[in-house]
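Numbering (the working numbering), first residue to last: -3 to 163.
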């Protein structure tokens, strides 16, 4: 499935499979340290997929973490449990653009299935991602989702304007 017999850009031999395993194990350890229950799900396109769910301020969150060996990416994707009625779609699109313009890391996305999610990714390159980097990525994701989920929900119901969502 994956070609792990690559050399680094510098021509050094590196243990590609091991860097993914180390990163995967560090993610599992971080979740266990935070007492977050998770499932490991086999996936045909990416090496490892971790799924965890949680409740945040009354919102049920579904988060997927995966390592894409072909793109050398570690990606966290948290789907927000917000349904958008047709009359508010243009307002939500504006809101997500305004929010994304203020973010330093990650972005909110809205796919064709009407799912709003927050995604943050990190390139893996020639070595595993360390525990402190994984903690940082995870903390950014949680803080961003905590900071904006209620606001995006409020815009989707017409309670506030897109400008109010970024103030």
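C-beta atoms are modelled at their ideal positions from N, C-alpha and C, and glycine is treated no differently.
Asked                                                                                                                   : Found
Cα-Cα separation, residue 139 to residue 131                                                                            : 12 Å
C-alpha gap between residue 45 and residue 153, whole angstroms                                                         : 33 Å
Spatially closest choice to residue 72 from 78, 64, 79, by CA coordinates                                               : 64
Secondary structure of residue 121, DSSP reduced to three states                                                        : coil
Per DSSP, cross-strand counterpart(s) of residue 135                                                                    : None, per the DSSP bridge assignment.
Buried or exposed (CB count within 10 angstroms, at least 16 for buried), residue 148                                   : buried
Beta-carbon proximity list for residue 119, same chain, < 7 Å, skipping 5 on both sides                                 : 68, 69
Beta-carbon spacing of residue 141, residue 57 below 8 Å                                                                : yes
The alpha helix (DSSP H) enclosing residue 159, as first and last residue numbers                                       : 158 to 161
Beta-carbon proximity check, residue 76 vs residue 157, cutoff 8 Å                                                      : no
Residue 94, DSSP secondary structure in three states                                                                    : helix
Span of the beta strand (DSSP E) around residue 111                                                                     : Premise fails: residue 111 is in no beta strand (DSSP E) and is neither H nor E.
Nonlocal neighbours in the same chain, by C-beta distance under 8 Å from residue 89, ignoring five residues either side : 106
Unbroken beta strand (DSSP E) run spanning residue 73, endpoints                                                        : 69 to 76
Beta-carbon separation (whole angstroms), residue 74 vs residue 137, contact threshold 8 Å                              : 6 Å
Collapsed DSSP secondary structure at residue 81 in the structure displayed                                             : coil
Element boundaries [beta strand (DSSP E), containing residue 155]                                                       : Looking at the DSSP string, residue 155 is not in any beta strand (DSSP E), and its letter there is neither H nor E.
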